[in-house]
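Here is the structure we will look at.
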Amino acid sequence: MVAKSNVTGILMIELTLARYRSIFRAILSLGLAFIYRSLMALWAYWIPDWRWLNVAVTAPNMLSVLYFCLLPESPRWLFSQKRYSEGIAVFKSGYRINHLNKPKLHLGRFTQLANEAKKLELSQANEESKTLGLSCHCSLIKPLYSRKLFKTTMLSIIIMLGVTMSFIGLLFYARAVRHYVYIVGFLNALTGVPGIVLFSLLYRFFRNRKRPLATLASLNMGILYVPELFSSEIRTQGFGLIMGLSKVGGIVVWLEE
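In the numbering used here, each residue carries its 1-based index in the sequence shown increased by 554.
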């Protein structure tokens, strides 16, 4: 489930613009923080057999197969790999879908760009074969290149590490409450909904976002706001590195237990 959520988050970052990115991220956070967690608690309450419980919990992950069938490749990633023709084809498909009931005035422009992209790919074929190994090797450390990026990455890792520790701590706290642990888990998931909705509205409609972000942000601040701290070129690398290293928070909590 963690891998699935991370993949979904990366795809949303790649395939959406900044104007709509917060909305999609809020929907994903709502699904993970409430819907999936509450369903897990209810399934654990209703299904006594751990084998069938494991089937019920992992079954939604089978929907990940639809990623390969329904979602296109990220145009930004295609351009970063110098596959310009494929990236323009994705943009062309998106243009057609977004203008189903509108006149397609700029459709010919995509054909012109596709022809130029083919020429550019041919001219860069030799350089690509020489630099491919180096670019793949260095892509993971791009968020650490400059002092500012290094500081941003480290602070974001600390924040997300705290989020992970808090989430695992809630699970431990549920065992200490003198009630059904399943009901407590459901209520913990329910309490995350107002924070997600409130933060999404603040991020969407407030021009001066620093004050509401600093005073009223919930644990989901990291998931929604951290990707915006990086430029488009290294956004996926930075967010992936932060989310990967932040899982250390869950490991530390288990050791403390």
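The C-beta atom is built at its ideal place from N, Cα and C for all residues, glycine as well.
- With contacts defined as CB atoms closer than 7 Å, residue 626 and residue 644 qualify as a contacting pair.
- In the structure shown, residue 673 adopts helical secondary structure according to DSSP, grouped into three states.
- Residue 713 and residue 577 have their C-alpha atoms some 21 Å from each other.
- For residue 648, the closest alpha carbon among the candidates 629, 638, 634, 636 is that of 629.
- In the structure shown, residue 658 falls within a coil segment according to DSSP collapsed to helix, strand and coil.
- Rounded to the nearest angstrom, the gap between the Cα atoms of residue 780 and residue 794 is 11 Å.
- At the C-beta level, residue 651 and residue 668 stay beyond 7 Å of one another.
- Put simply, of 610, 715, 720 the residue whose alpha carbon is nearest the alpha carbon of residue 799 is 715.
- Taking a C-beta distance under 7 Å as the contact criterion, residue 671 and residue 634 do not qualify as a contact pair.
- Sequence-distant Cβ neighbours of residue 801 in its own chain, meaning closer than 7 Å and more than five residues away, are 718.
- A Cβ-Cβ distance of about 6 Å is found for the pair residue 601 and residue 610, placing them in contact under the 8 Å criterion.
- It is roughly 39 Å from the alpha-carbon of residue 589 to the alpha-carbon of residue 701.
- Leaving aside the five residues that flank residue 619 on each side, none in its chain has a CB nearer than 8 Å to its CB.
- With a contact defined as Cβ atoms closer than 8 Å, residue 675 and residue 646 miss out at about 16 Å.
- Straight through space, the alpha carbons of residue 584 and residue 594 are spaced by roughly 14 Å.
- Around the beta carbon of residue 622, fewer than 16 other beta carbons lie within 10 angstroms, which makes this residue exposed.
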